[in-house]
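Each residue of the sequence shown is one higher than the last, beginning at 248 in our numbering.
Every residue, glycine too, gets a C-beta built ideally from N, C-alpha and C.
It should be emphasised that the depicted structure is a prediction, and the values quoted were computed from it without experimental measurement.
One structure is given below, encoded as structure tokens.
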Amino acid sequence: MAWNDEFECMPEEKRKQFQLEKLRETVAWVNSMIPLYKKKFKEAGITPEDIASVEDVAKLPFTVKTDLRDEYPFGMCAVPLQEVVRVHASSGTTGKPVTGPYTAEDLEQWTECMARNFYAAGVRADDVVQNAYGHGLFTGGLGFHQGGSRIGCTMVPTSAGLTERQITLMQDFKANVLCCTPSYALTIAERAEELKVSIRDLPLRVGIFGAEPWTAQMRDEIEERMGIKAMEAYGLTELCGPGVAFDCEAQDGLHINEDHFLAEIVDPATLEPVPLEEKGELVFTAIQRRAMPMIRYRTKDITSLRREKCACGRTLIKMAKVFGRTDDMLIISGVNVFPSQIESLLLDIEEVEPQYRLLVRKKGYLDQLIVEVEGKKEIYDAGEGRRHEIEGKITAHIKGNMGISVEINLVEPKSIARSEGKALRVIDERPKQLR
Ligand code: DLL
Numbered sequence: 248m249a250w251n252d253e254f255e256c257m258p259e260e261k262r263k264q265f266q267l268e269k270l271r272e273t274v275a276w277v278n279s280m281i282p283l284y285k286k287k288f289k290e291a292g293i294t295p296e297d298i299a300s301v302e303d304v305a306k307l308p309f310t311v312k313t314d315l316r317d318e319y320p321f322g323m324c325a326v327p328l329q330e331v332v333r334v335h336a337s338s339g340t341t342g343k344p345v346t347g348p349y350t351a352e353d354l355e356q357w358t359e360c361m362a363r364n365f366y367a368a369g370v371r372a373d374d375v376v377q378n379a380y381g382h383g384l385f386t387g388g389l390g391f392h393q394g395g396s397r398i399g400c401t402m403v404p405t406s407a408g409l410t411e412r413q414i415t416l417m418q419d420f421k422a423n424v425l426c427c428t429p430s431y432a433l434t435i436a437e438r439a440e441e442l443k444v445s446i447r448d449l450p451l452r453v454g455i456f457g458a459e460p461w462t463a464q465m466r467d468e469i470e471e472r473m474g475i476k477a478m479e480a481y482g483l484t485e486l487c488g489p490g491v492a493f494d495c496e497a498q499d500g501l502h503i504n505e506d507h508f509l510a511e512i513v514d515p516a517t518l519e520p521v522p523l524e525e526k527g528e529l530v531f532t533a534i535q536r537r538a539m540p541m542i543r544y545r546t547k548d549i550t551s552l553r554r555e556k557c558a559c560g561r562t563l564i565k566m567a568k569v570f571g572r573t574d575d576m577l578i579i580s581g582v583n584v585f586p587s588q589i590e591s592l593l594l595d596i597e598e599v600e601p602q603y604r605l606l607v608r609k610k611g612y613l614d615q616l617i618v619e620v621e622g623k624k625e626i627y628d629a630g631e632g633r634r635h636e637i638e639g640k641i642t643a644h645i646k647g648n649m650g651i652s653v654e655i656n657l658v659e660p661k662s663i664a665r666s667e668g669k670a671l672r673v674i675d676e677r678p679k680q681l682r
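Right, dumping it as structure tokens:
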């Protein structure tokens with residue numbers, strides 16, 4: 248049924264016992280090996296012996312990205328470097344990158360988590376997998392490579408970029424599975440259309456997409472354009488990379504590998520726990536890692552958790568599709584706005600392409616949101632009158648649903664830069680001190 252029935256379908260009570268044992272081990276381990284945690288535990292007045300239940304995780308202090316940056320590169324590493332067999336890193340658009348060291352055992356566990364992801368997406372040993380995630384310091388390429396290899400698939404490590412070659416190889420090698428970011432999947436779909444290659448008629452059956460926010464509407468769009476099932480992967484460098492949570496055939500929330508990662512949702516303002524099914528910031532404790540275990544890491548990702556009997560038989564808790572990141576939230580005329588809300592409304596409009604950018608500017612004291620979206624070719628070419636009509640339609644749709652006024656700019660098809668990895672969708676032009 249699952250890749251690892253024992254752990255993926257384990258009864259909740261039994262899993263809790265397992266989690267408690269691993270949590271206690273981890274807390275004792277980081278307390279003895281990492282000075283920052285020792286200091287934080289001391290300040291919070293907590294000792295490893297205070298952890299008597301899984302819920303006691305809430306007594307532990309949080310870890311944030313700046314902790315990792317301050318400890319760059321290996322201050323958060325709990326083993327001597329001789330035991331580290333791999334280091335990944337996140338690109339870190341601002342400041343220093345975050346490093347992710349792994350012991351051989353950590354790599355093994357990561358591979359297991361990724362094999363679960365592939366298997367749940369319906370991928371099996373006889374599949375040919377085109378892996379178009381960037382291979383290198385980014386965790387996507389190698390993480391997917393390991394998971395697919397574990398299942399026994401034929402892995403094709405194309406890495407990201409050289410889109411025409413991706414399409415040729417996809418045809419020549421008869422790939423059944425494509426792994427990349429959702430925005431790159433769209434780029435590939437579009438280039439194939441330009442080259443008059445029908446991806447729908449190729450053997451491609453499944454995509455495993457992740458590493459950036461994307462709405463359910465975007466998923467439907469990719470499924471339709473490529474004629475595939477678009478499945479999902481979620482994860483972050485700080486915890487291993489992809490393999491933290493994954494889609495099953497129900498495509499209705501991502502199962503979290505709870506035997507490895509304890510999930511909580513907190514209110515990002517008060518840091519108080521938020522009940523199941525309510526939105527807040529996702530916090531993880533990695534309870535099986537050796538080189539870089541994480542205690543209550545604040546991901547900045549906004550989502551909710553849900554416990555339910557899933558049709559797939561897995562008992563692993565589910566997280567909803569990521570709604571956005573706390574640091575991507577915009578405040579427009581006093582309303583909190585996440586780019587995903589705009590994306591889903593834009594995709595309701597049939598006259599536009601799923602290619603957009605959000606520009607944030609200051610107009611006097613107010614923040615102004617300008618949405619640039621590509622019109623479909625026939626709409627754009629039909630002239631200014633038609634373009635204004637569609638701009639008006641989108642403005643009204645957004646106002647009607649979110650109550651905010653945004654400026655819509657219908658731009659020429661193919662004028663917005665295409666993504667090969669994580670798409671850059673929000674361009675904040677406000678002076679840094681006014682954001
Ligand atoms: O993006 C790991 C990954 C690679 C995940 C390949 C999935 C597939 P980072 O570069 O450290 O790691 O970025 C982590 O990306 O905190 C989220 O904000 C975002 N993210 C990752 N997966 C998803 C997803 C990799 N499925 C950050 N949906 C995370 C929405 C995602 N956001």
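Beta-ladder partner(s) of residue i, from DSSP
i    : result
Q377 : V403, L425
D494 : L501
I512 : L529
E479 : F456
E654 : I617
Y544 : T310, F531
I435 : DSSP, once it has assigned bridges, lists no residue as partnering I435.
K565 : H502, R553
G347 : H335
Contacting residues, own chain, Cβ-Cβ under 6 Å from residue i (five flanking each side not counted)
i    : result
H382 : G388, P404, S406
A336 : P344, T346, L384
G395 : F365, V376, M402
A558 : A497
D691 : Since the displayed the chain opens at 248 and closes at 682, residue 691 lies outside it and no answer follows.
V444 : I414
T386 : H335, T484, G488
I641 : I596, I655
Residue range of the unbroken beta strand (DSSP E) whose run includes residue i
i    : result
E636 : No beta strand (DSSP E) holds E636; the alpha helix (DSSP H) holding it covers 631-649.
I663 : Here I663 belongs to no beta strand (DSSP E), and DSSP marks it neither H nor E.
V673 : 673-675
R371 : Run containing R371: none; DSSP gives neither H nor E here.
A336 : 333-336
Whole-Å CB distance - residue i paired with residue j, under 8 Å assumed
i    : j    : result
R572 : D595 : R572 to D595, Cβ: 23 Å. No contact.
V599 : V653 : Rounded, the Cβ-Cβ distance is 14 Å, inconsistent with contact.
L593 : Y603 : 6 Å
T358 : R397 : 5 Å
T428 : F391 : At roughly 12 Å, the Cβ-Cβ gap does not stay under 8 Å, so T428 and F391 are not in contact.
V304 : L270 : 6 Å
L616 : V607 : 6 Å
R682 : L605 : Incorrect: roughly 14 Å between the Cβ atoms, too far for contact.
I293 : L307 : 7 Å
T462 : E590 : 5 Å
Span of the alpha helix (DSSP H) around residue i
i    : result
Q393 : 386-398
R271 : 259-280
P450 : From DSSP, P450 is part of no alpha helix (DSSP H); its letter is neither H nor E.
D467 : 463-473
D614 : Premise fails: D614 lies in the beta strand (DSSP E), 613-622, not in any alpha helix (DSSP H).
L354 : 351-367
E600 : Looking at the DSSP string, E600 is not in any alpha helix (DSSP H); the run it does join, the beta strand (DSSP E), is 599-610.
I414 : 410-420
L593 : 586-593
D252 : 252-255
Distance, residue j Cα to residue i Cα
i    : j    : result
V326 : R536 : 11 Å
I542 : T310 : 6 Å
V492 : R363 : According to the sequence displayed, residue 492 carries Ala and not Val. A492 and R363: Cα-Cα distance of roughly 9 Å.
G474 : R665 : 21 Å
N656 : N648 : 19 Å
A275 : S430 : 41 Å
S551 : G622 : 34 Å
V530 : K287 : 17 Å
C495 : I298 : 32 Å
G454 : P258 : 30 Å
Q264 : L486 : 22 Å
Q418 : Y319 : 43 Å
K624 : M465 : 20 Å
R262 : S580 : 46 Å
Close beta carbons around residue i, own chain, < 7 Å, minus the five adjacent residues each side
i    : result
T273 : I534, P540
Y260 : The question names Tyr, yet the displayed sequence has Glu at residue 260. Correct list: empty, nothing qualifies.
T350 : V326, E330, V331, V332, R537, A538
Residues of its chain near residue i, where Cβ-Cβ distance is below 8 Å and the 5 sequence neighbours each way are ignored
i    : result
L442 : E411, I414
C256 : M248, A249, G560, R561, T562
Q266 : V301, E505, D506, L509, I534
A372 : I398, G399, C400
G650 : V582
R633 : I626
K669 : T428, S430, A458, E459
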